[in-house]
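Read the structure below first, then the notes.
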Amino acid sequence: MTENLQSLCLANWNMEMKLDPAKDDLPLMANTRHMLVKHYVLDLDVDFKSQVIEGTIVLFFEPGSRCKKGGSAGEEACLSQSYETCKIRASEPCHSPVTNVSARSSKTEYNDFAVCAKGEKDTSDKNGNHSNGEQASGISSSKNCYDIENHGSEDFLLVLDCCDLSVLKVEEVDVAAVPGIEKFTRSAKLTDAEELRNLRNQIVHELVTLPADHWREQLYYYTRCSQAPGCGELLFSTGPWSLMIRKAEVQAPRDFPHAIRIWYKTKPEGRSVTWTTDQSSRLIEGSCGHGAYPCRFQNPAASSQLVIPHRVFAPWCLKDRCAEILLELIPRCLLAAHGTLGTHPFSRLDVLIVPSNFSSLGMASPHIIFLSQSVLTGGSQLCGTRLCHEIAHAWFGLAIGARDWTEEWISEGFATYLEDVFWAVAQQQLPHDEAREQQELKALLRWRRLRDEVQNSEEELQVLRPNKERTGELSESGTCIIKHGLNAEKIFMQVHYLKGYFLLQSLAKRIGEATYFEFLRKFVQKFHGQLILSQDFLYMLLENIPEQKGYALSVENIIQAWLDTSGIPKPLLEECQTWDQCRLVQQVNDEVTKWIQVNQRARKRSKRKQRQDEVAFQKLLPDQLVLLLESLLEEKTLCLRTLQRLEKTYHLDEQDAEVRHRWYELVVKHKYTRRYGDIEKFLKEDQAMGVYLYGELMVNEDAKQQELAYKCFAATQKQMDVSSAKVVAEMLF
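This is the structure:
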């Protein structure tokens, strides 16, 4: 191994050994420059009683970019991380092949080269691999332990990202055994083991490089190959963040098996899967720049499909509410999205209403959107805007992704900006002036939220491009870290949503909305199916509007002002003054004045004179109610009669979760004990919204409020999202 590669292995070892999971940065250890996963097939069983998902994943590989350069230099580079990594971490178990491992069997047998570290007897490793009692009984003594220091020191080491999984076995897949696979081979003559190995790799190469119009055939053979038998187990080792695999005497990625099967199971306490009880108490079942795959953007029929087929899945107890609100909103929001960005990236959409312990209001994946049941309360606005946000992720976040995972604004900033654009159209063609007023009101609310977050968070977490000039860079092997990726607090921050939104809004105003949306359609057409950096978007934008180029609107200026700097961007400080003049905001200001006056009179009036003031209050939109309640939170005191009248005037117990959250902040601040039961219900049923109410309950140092916080946390902690539970625990304890 060259000195450079030895340094690389040592660096990766240091990353795993020194990393504290409680700290910020999440490591991505996979050596993607040497091997890339081109396709995978899962075969899993779910045991609801033990809360374990168990089975296999078959991975199909192609050598990465560093292994396609050719020449002697390229050959040497392709040796990459060797099993020397295992040598320097000899304190960790190294797993040799085992026999008769079944993901669906509780018993596992081992051969003499069992699971152990050199020079000691070991019954389990810290990741739970082969760790149960029956398995431990099969582990050999130290004299039979595989000597990782003396065997295969130059073997190629495949590194895969892996955390919180118990890996049971890794094996090569005999794709050559699949009937009909001969069509992917160039020669039928097999004289030795090396030629057979080359044949298997040739089959996988031909399969993964099939042209896009052969996608049905490709999918068929992927499935058949994934069901092929194994043809030899592979050595593997695990670290806190990775799975390392090697095959003896294979020294280059091109010779490493291109199809492998990994037998594994999840852990009930793992951080990636949260288990909860179903609420119904039962189970309810031009040319493209990307790689070849069946692309809807090149399909004329898809481009004219304004509304894609859609379904909703929900517990029976929410069925009527979904039929009343959600099913009516989906086609309107899909139509608005198509009118703005064009072809839907995916052919269908399922919407799944998730249990109350889901940690956010929504999440998008290909073909499916997960929505919190919290969006179904109140009117249609919260549900509609959140649905628009997740639909926008089909383009920004899924069809187009961030090449550097720290640039979350590329996904969340766009989705937040487009949420308003889609919703303005989805509201039955809302007149332009009214849509603009609602967007200005929303901008003011987001400005207030951003200002608060900037004042109450670490500066490091406020930067949209934390890697700055190193954004998008990988190590020699393809490893990297996600800056602050393990910081539980960051999950609840919205800086990347909000600053990204304000940047895009600022650009749209500067360029003009018509020109801006025309550009967005061009951008999506060019970059769908690809991973991008911030520069890709900004350079293409300024190239399409050369009249805007110059010092005031340059890529360097935008990056410096908006992406690489903490705090409030200077251009935003100048713009925020205009939103107070919005008609909808002025209406709220007038209502706040009325309520302050009502409160002052109520405090002065004696108990004998509880005559209600003849004050006419205007009907307010949900966002106006949020602003009203936030403004009243700034008042030092509100008397009991004012709170009661406020609740009755706006029917606050029937409003959406955003409004009720602000209302319960008022309840906590002014110790309105009659509504503590509502807070308890909110913290249990609206966990996507209620995390920071725990902090409000603790800050007053009121015994009843703190007792309420402890009670609610005790009732929900076991089913709560891991990051949510950690943040709440820090507030309470």
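Residues in the sequence shown are numbered consecutively from 1, following the working numbering. We put the beta carbon where it would ideally sit given N, CA and C, even for glycine.
{"Query": "Test item: CB-CB of Glu-412 and His-496 under 7 Å", "Result": "yes"}
{"Query": "Residues bridged to Ile-391 [DSSP beta-bridge criterion]", "Result": "DSSP, once it has assigned bridges, lists no residue as partnering Ile-391."}
{"Query": "Supposed close pair Ala-376, Cys-322 - CB separation, criterion 8 Å", "Result": "Inspection of the sequence shows that residue 376 is occupied by Leu rather than by Ala. The pair is a contact, with the Cβ atoms about 7 Å apart (cut-off 8 Å)."}
{"Query": "Beta-carbon proximity check, Ser-374 vs Ala-688, cutoff 7 Å", "Result": "yes"}
{"Query": "Pairwise C-alpha distance: Leu-160 and Thr-185", "Result": "28 Å"}
{"Query": "Inter-residue spacing [alpha-carbon to alpha-carbon] between Ala-302 and Ala-259", "Result": "34 Å"}
{"Query": "C-alpha gap between Leu-235 and Glu-172, whole angstroms", "Result": "11 Å"}
{"Query": "Beta strand (DSSP E) segment containing Met-363, residue limits", "Result": "362-365"}
{"Query": "Neighbour-count burial assignment, Pro-366, 16 or more Cβ in a 10 Å radius", "Result": "exposed"}
{"Query": "Reduced DSSP secondary structure (H/G/I, E/B, other) of Ala-714", "Result": "helix"}
{"Query": "CB contact flag (Val-208, Glu-62, <7 Å)", "Result": "yes"}
{"Query": "Burial state of Ala-248 (16 or more Cβ within 10 Å)", "Result": "exposed"}
{"Query": "Minimum C-alpha distance to Leu-629 - residue among Pro-300, Thr-578, Arg-246 and Arg-448", "Result": "Arg-448"}
{"Query": "Straight-line gap, Asp-350 to Leu-327 (C-alpha atoms, nearest Å)", "Result": "11 Å"}
{"Query": "Where the beta strand (DSSP E) containing Gly-677 begins and where it ends", "Result": "Looking at the DSSP string, Gly-677 is not in any beta strand (DSSP E); the run it does join, the alpha helix (DSSP H), is 676-685."}
{"Query": "Status (buried if at least 16 other CB within 10 Å, exposed otherwise) for Gly-289", "Result": "exposed"}
{"Query": "C-alpha distance - Cys-67 paired with Thr-277, whole-angstrom precision", "Result": "48 Å"}
{"Query": "The beta strand (DSSP E) enclosing Arg-311, as first and last residue numbers", "Result": "310-313"}
{"Query": "Extent of the continuous alpha helix (DSSP H) to which Cys-333 belongs", "Result": "327-341"}
{"Query": "Given 8 Å, three or more beta-carbon pairs between the stretch 590-597 and the stretch 556-576", "Result": "no"}
{"Query": "Glu-707 burial status per 10 Å Cβ neighbour count (16 or more: buried)", "Result": "exposed"}
{"Query": "Alpha-carbon spacing of Trp-241 relative to Cys-383, whole angstroms", "Result": "37 Å"}
{"Query": "Bridge partners - Pro-27, DSSP secondary structure assignment", "Result": "Ile-481"}
{"Query": "Extent of the continuous beta strand (DSSP E) to which Pro-63 belongs", "Result": "52-63"}
{"Query": "Chain-order list of residues whose beta-carbon lies under 8 Å from that of Leu-371 (same chain, five-residue window excluded)", "Result": "Leu-326, Val-351, Leu-352, Ile-353, Val-354, Leu-361, Gly-362, Cys-383, Arg-386, Leu-387 and Glu-390"}
{"Query": "Residue from Arg-601, Glu-685, Pro-294 and Leu-646 with nearest C-alpha to Trp-672", "Result": "Just to set this straight, residue 672 is Tyr in the shown sequence, not Trp. Comparing Cα-Cα distances from Tyr-672 to each of Arg-601, Glu-685, Pro-294 and Leu-646, the minimum goes to Leu-646."}
{"Query": "Backbone secondary structure at Lys-265 - three-state DSSP", "Result": "strand"}
{"Query": "Anticipated Cβ contact below 8 Å, Ala-415 with Ala-424, distance rounded", "Result": "The Cβ separation is near 15 Å, so there is no contact."}
{"Query": "Val-307 versus Lys-490, Asp-590, Pro-27 and Ile-330, residue with shortest Cα-Cα distance", "Result": "Ile-330"}
{"Query": "C-beta atoms of Thr-406 and Asn-487 nearer than 7 Å", "Result": "no"}
{"Query": "DSSP state of Ala-725 mapped onto helix, strand, coil", "Result": "helix"}
{"Query": "Cα-Cα separation, Tyr-710 to Trp-663", "Result": "21 Å"}
{"Query": "Ala-415, DSSP secondary structure in three states", "Result": "helix"}
{"Query": "Residue nearest to Ile-482 in terms of C-alpha spacing, selected from Leu-498, Asn-557, Val-421 and Arg-403", "Result": "Arg-403"}
{"Query": "Residues near Ile-568 by beta carbon distance below 8 Å, same chain, minus five either side", "Result": "Leu-450, Arg-451 and Val-454"}
{"Query": "Beta-ladder partner(s) of Gly-230, from DSSP", "Result": "Val-173"}
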